[in-house]
Amino acid sequence: MLLVVFSHIYVPNLTPLNQLFMMFRMPLFFFLSGFISFRAEQSWTGDNLRHRLKDKCRTLLLPALFFGPLCCWAEEGIDVEYFFVTATKSGYWFTVVLFEMLAILYVARYIHARRRRITIEAFAMRFYVVALIIFLALSNDLTRNGVANALSIPKLVQYLHFFAFGVLCSCRREHLYALLDSPRRWLVAAGFVILAVWAILTREYMLTAAVGSELLAAMLRLLSYSQPVVAGYLGIVTIFGLFRSMEQYFARPRRFQPLQYMGRHTLEVYVLHYFLLLGFTPMFRPYIVDDPNIVVQIVVGLTLSALIAAATLLIGRVLSLDANIHYYVLGSRGERPQSRLRGLFRR
-11 MLLVVFSHIY VPNLTPLNQL FMMFRMPLFF FLSGFISFRA EQSWTGDNLR
39 HRLKDKCRTL LLPALFFGPL CCWAEEGIDV EYFFVTATKS GYWFTVVLFE
89 MLAILYVARY IHARRRRITI EAFAMRFYVV ALIIFLALSN DLTRNGVANA
139 LSIPKLVQYL HFFAFGVLCS CRREHLYALL DSPRRWLVAA GFVILAVWAI
189 LTREYMLTAA VGSELLAAML RLLSYSQPVV AGYLGIVTIF GLFRSMEQYF
239 ARPRRFQPLQ YMGRHTLEVY VLHYFLLLGF TPMFRPYIVD DPNIVVQIVV
289 GLTLSALIAA ATLLIGRVLS LDANIHYYVL GSRGERPQSR LRGLFRR
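Sequential numbering from -11 applies to the sequence shown in my numbering.
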């Protein structure tokens, strides 16, 4: 979540540091969403399916539909309808796409529950393979479709396979942990670093344009096309493995309690931080974008991201004083607040 805020401070500036974070940030976010969403022992009846879809509609769609148009209205020169016709939804596409991914997963699990001959491991593998085929077949054909953009389908196609990869790894987490605990993880990390350096050099210095051989230039273009996907997977395994190796440090809750609190309230940070960014980027641009010292960019950028995240959490706590805002607008979990009109009629 900190890296999401960090990256949005840069928009629309693609500095090498921001490019590095963008290589794994959203793939990792969707991977983790799939990883924690999968439960092999869950019951999948019709009532359970309807309840889950209804709950995710409230916790994911309603906050986006409320804050997205409001953010468009707050920004000068942007019509509110821009939120509804574009795939990016003024930055609020993530919750819309995550709802669609979870809906696909829930329906697939509901269908799988009626075909007992297919094991849960086979289901997870088929789910991932289908998501990967969808990406390969449709990734270049949806960008100009108005209906697809209104539903953020291009973003769904772009990231669904990372979500499905998280489902697969959660189902077979012993295999993932065996890889992360073995020396082979260093090969994955080395591959990620190489691709990251390659991507930055290609963008910064246009290496493909300087190549004389047409065949070599075509091979470099193919590598550049596949690089975001490959780098996404290598980045997922690298960062996930890094935090797994630091697991003993996170067992001390007092040291990391603020980060854990942010982790439990990422939705509040996500839907509110855009409003705090409207005036921040021009003010801090000399330090986070134009300064050639990468250490200054990291320190200033991450510090500012932490302050913005803390401010959004504080605002979220204030808004949560109203039970209806907390439940419907901020997508909190728990019991539905009692209607004041209903209580009035009961009296």
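By construction, the Cβ of each residue, glycine as well, lies at the ideal position given by its N, Cα and C atoms.
Every value quoted in this text rests on a predicted model; they were computed, and no experiment measured them.
Backbone CA spacing between residue i and residue j [nearest angstrom]
i	j	result
residue 185	residue 20	25 Å
residue 218	residue 224	10 Å
residue 86	residue 141	11 Å
residue 50	residue 60	16 Å
residue 180	residue 239	28 Å
residue 25	residue 47	14 Å
residue 216	residue 9	12 Å
residue 39	residue 82	22 Å
residue 147	residue 22	11 Å
residue 77	residue 237	38 Å
residue 318	residue 171	43 Å
residue 294	residue 306	19 Å
residue 286	residue 233	23 Å
residue 97	residue 32	7 Å
residue 52	residue 58	10 Å
residue 74	residue 68	11 Å
Helix, strand or coil at residue i according to DSSP, with G and I counted as helix
i	result
residue 11	coil
residue 319	coil
residue 38	helix
residue 254	helix
residue 239	coil
residue 43	helix
residue 172	coil
residue 308	coil
residue 106	coil
residue 300	helix
residue -6	helix
CB-CB length for residue i against residue j, believed under 8 Å
i	j	result
residue 289	residue -3	6 Å
residue 301	residue 259	Their Cβ separation, rounded to whole angstroms, is 12 Å, which puts residue 301 and residue 259 out of contact at 8 Å.
residue -7	residue 261	5 Å
residue 28	residue 159	7 Å
residue 338	residue 250	Because the chain is modelled from -11 through 335, residue 338 falls outside the range shown and cannot be assessed.
residue 144	residue 89	7 Å
Beta-carbon spacing of residue i, residue j below 8 Å
i	j	result
residue 386	residue 18	There is simply no residue 386 to check, as the chain begins at -11 and stops at 335 in what is shown.
residue 94	residue 155	no
residue 11	residue 220	yes
residue 183	residue 124	no
residue 226	residue 177	yes
residue 120	residue 163	no
Start-end ranges of the beta strand (DSSP E) lying completely within the region 51 to 94, minimum 3 residues:
none
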